[in-house]
Each structure stands twice: as structure tokens, then as C-alpha cells.
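Heads up: the structure comes next, in C-alpha cells.
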Amino acid sequence: MKYISIEPLSGAAGDMILASLIDLGADQNEIVRQIKTSGLHDFDLHFERKLCKQGIVCAYVNVQCAESDSHDHEHTHPHEHTHPHEHAHPHEHAHPHEHAHPHEHASTSDHVHRGLKEILSLLHKSEISATAKANAEKIFCHLASAEAAIHGVSPNEIHFHEVGAIDSIVDIFGVCIALDLLGVEKVFCPGHKIGYGTVRCAHGIMPVPAPATSKLLEGQKVTRLPIESELTTPTGAAILTALSQGRLIPPNSRLLACGYGHGSKEFDLMPNLVRSMLFESAKEQKDDNLLYEQVQVIEFEVDDQSPESLAYLVERLYEQAALDVSLCATQKKKNRPGHLVRVLCRLEQQQGLCELILRESSTIGLRLSQNQRIVLKRQSKEIDTTWGKLLCKQIQRPGGIVELVPEYEAARKIALANNIPIRQVLASANHWQSGESD
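Take the sequence shown: its letters are residues 929 to 1366, numbered as in the working numbering.
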């Protein structure tokens, strides 16, 4: 499996991410060819490598558009169509933009404002792969949802302005195509960077980061840098938050290559770049039957909660999609007996589960960590028994050994319906497997 860590050193914009992926080896010409199958033709993608101020060779991407559809740069965001776009005026920021998008065309009042439905129509009629289409749709829907929440409308009512212009669509389509060309299956992002200050918009002076960026970064790890500028753009934030499956790459990884994508503005403090690191799982190549996953761990200890309420909490945790919940006896201060509770979950479930624990338990704090786990791949299989169909998990262990493990709830229902011991139902899977192997 290949996966990528996209690391914004000083923020991220769509063109910087795309440049880093082309720098990794994604075919620029193939990216352009696939994008043009969507019906977007009036653009050209210029790519070059050159030294940045800090002496690092970085990649630069410049999307040049033939129509008035172009815009200043990427530090803009879409707005609901009932009012003018915030960044409608060329360079109408209260200060210079550090991530000035390489395609710095003057804005025009007649550039195309595309809605979500129109952009998705372009996407679906293209020859872009199914995986790249799914990722691009996820990004645009994620961005539309953020804008809709800000303006109090539905995502379908959002009309994208600068992010609906050709160059920003090319950035998003291009990133998704490049990831597909590189064979990337998972994306990771260690965190996001924001600056400070304000931007002058059609609605007045707005704080940095822009409202859409702020909404997209909710719940994310964010670092504010001492740079007076909008460092992470709405498009950059949408790409990273929509596609990232965690902050940390799996251990035992093999680094294949690094790509550096630079913005057109130079910083004194640090390079204005995004670094993309392409990895390959060293372990998984040895046994394709092993699945490596990132999981979140939530831990807490209690010594003043009744067994009944703890049992209730465990039930609620499973209802809210916890992967596993375990209770271990422990000894607390003053020799009081207690319980260590450990919960495994996906990143997207962590916040909700933490809130549930703090609401339903007596603990006043939680320990959070991220671990990697290895699980055997499995598939569902129904087998015939004396009492009807029994749902099982079919597992293949290293060495080719295949096991059938009955699903407890399925076995329980059969046992109750037929008034037989559940162990008799569970044993039927072993009998079935023995007969199959014979």
C-alpha cells in the first residue's frame, strides 16, 4: 500500500499541493489530458522547478486561463450567491499575501460563478478514474457544506466564485488525479498552519483565516505562525481535511520520494512550501492478508462509579461506533479498587465518544493517543445449519489457515428461536468447516 503525508510547512493552497505531487512524479501531461475530458479546455498548466529564497529546489505550478474565468489567486473562498464575493476585488487585502497564487490574474466582474451541481457535472462526464472522481466530489461537497453552514443555506444553494473558476477547479481535479497516478491509497496530514491579521473584503474587514477556512479547520490540529497573512486557503483546507485519514503515518514505512510545492510569495521566516512524502508499507508487502490501520485510543480511570452505570456506558459507546471497549481492574489512590477503561475508535468518532464519556462517567479527564493496529482481513459468509442460515466471519490466518467464526448475535437469535444451547449453534460452524475441508 502507498500512502502520502502532505505537510504544510507554512500553510497550504491548492496549487502548492498540486505542485508537490507533480514534483513527486505525477505526470503533468496526463493530469491536463484527464482534466480536459471534463469540458474544461481554456487553460494551460505550467510547471517549473527553481530555487526558493532558502536555497531549496521547489516546484511551482501556474494555471493560465484563456477566459475571464480566472481570478487573483487562491486565497479566496466561495460565497452564497445572494451577495458579492468577499474577495471580489483584485489584491484587496489589507496586507500582501504570502501565498499569492502563481496564477495572479486580475479579477473581473464577469468571471464564471459555478454551483456545486455544475462542477460535479463536469467531474462526472470526464474520463477521470472513479477513485479520483470520488475524492474530488468529496472535496467540493466538503467545501460547499462549510460555506452553507456559514451562510445558513443548503450546499446546493452555494455558488462558487473564485473556487469555481477554472484555475481552482484545475487545482482540485489535478490533486485528485495526481494522487491516483501515484497509486496513493491513504492521505495523512500532520497539522495545519494559519497566520494572523485581516483581509479587506466586500463585506468589510475580515479576520485571518477566512470564514470558510476556519469552518473547515474546526476540530483539526492548528498552529498559528507569526506571519501576517492568510496562510491556508479554503481550497487548501478543503483538500487536506476532506482527504486526510489521520495525522501520523503507519510505522514500519518505507519512504519512496519527497515533493516540494512552493507558492509564489517568499518568506523571510521559512520557505513557503508544502512537502509531500510518499511512503510504502514495508510490512504489508510480506503478507497481503494483514491490514494496517490507524486507531484512536481513549483512556480513563474511575473508582467511584457503579458497575451498572459502567455497563450502560459500554453499551452506549458501542452504539456510537466504538471499535472496542475494555475494562481492567486497577488500584487507585488510598488503595481504592477501580477500573481502567480503554476505548478504540476511528478519528472521526473520537470527539463524539469523548463527549459521551465525560457526560456519562464520573471521570474529569481523558487520555488520548493514536496507535496502529494490525487486523486480519475478513469477509462475511453464511453457512447452512440444521436451524437455518448462520452468519459468520471468514478469516484467513498467516500460512493459509482459514477459520469460520460465527457472529454472536446471529447465533444468539438461532439459539433463542430453537430453544437450544448457544454453544451447539457455535459448534455447528466447526462441523461445517470440517465438512468443507473434507
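Glycine included, each C-beta is placed from N, C-alpha and C at the ideal position.
> Tell me the DSSP bridge mates of Ile1122?
Replying inline: The partner list for Ile1122 (beta bridge, DSSP) reads Arg1152.
> Do you know whose CA, among Tyr988, Ser1297, Arg1325 and Leu1050, lies nearest Gly1174's CA?
Replying inline: Checked all of Tyr988, Ser1297, Arg1325 and Leu1050; the closest Cα to Gly1174 is Ser1297.
> Hey, which unbroken runs of the alpha helix (DSSP H) at 4 residues or more fall wholly within the region 1147-1202?
Replying inline: Counting only runs that start and end inside the region 1147-1202, the alpha helix (DSSP H) elements of at least 4 residues fall at 1162-1171.
> Once you ignore the five residues that flank Leu952 on each side, which residues in its own chain have a CB closer than 7 Å to its CB?
Replying inline: Cβ neighbours of Leu952 beyond the five flanking positions: Leu1110, Ala1185, Gly1187, Ser1204 and Leu1206.
> From this set, Ala941, Val991 and Ser1057, which residue's C-alpha is nearest Ser966's C-alpha?
Replying inline: When only C-alpha atoms are compared, the closest one is Ser1057.
>> Among Gln1307, Gln962, Gly1191 and Ala1338, whose alpha-carbon lies nearest the alpha-carbon of Leu941?
In response: Looking at the sequence shown, residue 941 is not Leu but Ala. Minimum Cα distance to Ala941 is reached at Gly1191.
> How many Å lie between Gln1279 and His1120 at the Cα?
Replying inline: Rounded to the nearest angstrom, the two C-alpha atoms are 18 Å apart.
> Distance, Cα to Cα, Lys1066 vs Phe1195?
Replying inline: Looking at the backbone, the Cα of Lys1066 and that of Phe1195 are separated by about 32 Å.
> For the 8 Å Cβ check, are there 3 or more pairs between the region 1320-1339 and the region 1245-1262?
Replying inline: Too few Cβ pairs lie closer than 8 Å, so no.
> Taking buried to mean at least 16 other C-beta atoms within 10 Å of its own C-beta, is His1235 buried or exposed?
Replying inline: Per the sequence shown, the amino acid found at residue 1235 is Pro instead of His. By the C-beta density criterion, Pro1235 is exposed, having fewer than 16 other C-beta atoms within 10 angstroms.
>> By the three-class DSSP mapping on this structure, what secondary structure does Leu1110 have?
In response: Coil, per DSSP.
> So, helix, strand or coil for Glu1337, using DSSP?
Replying inline: In the structure shown, Glu1337 adopts helical secondary structure according to DSSP, grouped into three states.
> Going along the chain, which residues of its own chain have a beta-carbon closer than 8 Å to the beta-carbon of Glu1288, five neighbours each way excluded?
Replying inline: Hits under 8 Å: Ser1237, Tyr1240, Leu1241 and Arg1244.
> Just the Cα atoms here: how many angstroms apart are Leu1176 and Leu1268?
Replying inline: Distance from the CA atom of Leu1176 to the CA atom of Leu1268, rounded to whole angstroms, is 26 Å.
> Around the C-beta of Gly1123, are 16 or more other C-beta atoms found within 10 angstroms, so that it is buried, or is it exposed?
Replying inline: Sixteen is the threshold: when 16 or more other Cβ atoms of the shown chains lie within 10 Å of the Cβ of Gly1123, as they do, the residue is buried.
>> Suppose you measure from the CA of Pro1265 to the CA of Ile1285; what does that come to, to the nearest Å?
In response: C-alpha separation (whole angstroms): 20 Å.
>> Distance check for Leu1272 and Val1230, CA to CA, integer angstroms please.
In response: About 18 Å.
> Exposed or buried, what is Met1198 when buried is set at 16 or more other beta-carbons lying within 10 Å of its beta-carbon?
Replying inline: Met1198 should be labelled exposed.
> Taking contact to mean at least 3 C-beta pairs separated by less than 8 Å, is the region 1048-1063 in contact with the region 1140-1157?
Replying inline: The region 1048-1063 is not in contact with the region 1140-1157.
>> Measuring alpha carbon to alpha carbon, tell me which residue in Ser1157, Cys993, Ala1060 and Phe1101 is nearest Leu946.
In response: Measuring C-alpha to C-alpha distances from Leu946 to each of Ser1157, Cys993, Ala1060 and Phe1101 identifies Phe1101 as the nearest.
>> With DSSP as the reference, identify every bridge partner of Ala1343, one or two as the case may be.
In response: Beta-bridge annotation (DSSP): Ala1343 is not paired with any residue.
> Are there 16 or more other CB atoms within 10 angstroms of the CB of Tyr931, so buried, or fewer, so exposed?
Replying inline: The residue in question, Tyr931, is buried, as its Cβ has 16 or more Cβ neighbours within 10 Å.
>> Using C-beta distances below 7 Å, list every residue in its chain close to Ala1343, excluding the 5 sequence neighbours before and after it, in chain order.
In response: These residues qualify, in order along the chain: Pro1349, Ile1350 and Val1353.
> Going by beta carbon distance, what residues of the same chain come within less than 6 Å of Ala1357, once the five residues before and after it are set aside?
Replying inline: Here the set comprises Cys1320, Leu1332 and Pro1334.
>> Need the endpoints of the alpha helix (DSSP H) that Thr1059 sits in, please.
In response: Unbroken alpha helix (DSSP H) run through Thr1059: Ala1058 to His1079.
>> Does His999 come out as helix, strand or coil in the three-state DSSP assignment?
In response: Since pLDDT at His999 reaches only 44, below the 50 mark, its modelled position is unreliable, and the value read off the structure follows with that caveat. Here His999 carries a coil assignment [DSSP, helix/strand/coil].
> Since Val1098 contacts Val991 with CB under 8 Å, what's their CB separation in whole angstroms?
Replying inline: With 8 Å as the limit, Val1098 and Val991 qualify as a contact, their Cβ atoms being about 5 Å apart.
> By a C-beta neighbour count over all protein chains shown, 10 Å radius and 16 as the cutoff for buried, is Arg1182 buried or exposed?
Replying inline: Burial call: exposed.
> What separation, rounded to the nearest whole angstrom, lies between the Cα atoms of Glu1075 and Val1330?
Replying inline: Those two C-alpha atoms are separated by around 49 Å.
>> For Met1205, list the residues DSSP reports as bridge partners.
In response: Answer is Ser933 and Cys1186.
> Since Leu1275 and Gln1224 are thought to touch, with beta carbons under 8 Å apart, how far apart are those beta carbons, to the nearest angstrom?
Replying inline: Between Leu1275 and Gln1224, the beta carbon gap of about 6 Å places them in contact (Cβ cut-off 8 Å).
> What distance in whole Å lies between the Cβ atoms of Ile1155 and Tyr1220, which are believed to be in contact at a cut-off of 8 Å?
Replying inline: Going by Cβ atoms, the distance from Tyr1220 to Ile1155 rounds to 36 Å, so no, they are not a contact pair.
> Name the DSSP beta bridge partners of Lys978, please?
Replying inline: Under DSSP, Lys978 shares a beta bridge with Cys986.
>> Suppose only complete runs of 3+ residues qualify. What are the beta strand (DSSP E) ranges in the region 1267-1320, listed by chain order?
In response: Qualifying beta strand (DSSP E) stretches, in chain order: 1295-1304 and 1306-1313.
>> I'd like to know whether the C-beta atoms of Ser1290 and Phe1116 end up nearer to each other than 7 Å.
In response: Here Ser1290 is not near Phe1116, since their CB atoms are 7 Å or more apart.
> Of the choices Ile1292, Asn1217, Phe1068 and Leu1218, whose alpha-carbon is the least far from that of Gln1431?
Replying inline: Nothing in the structure corresponds to residue 1431, since the chain is present only between 929 and 1366.
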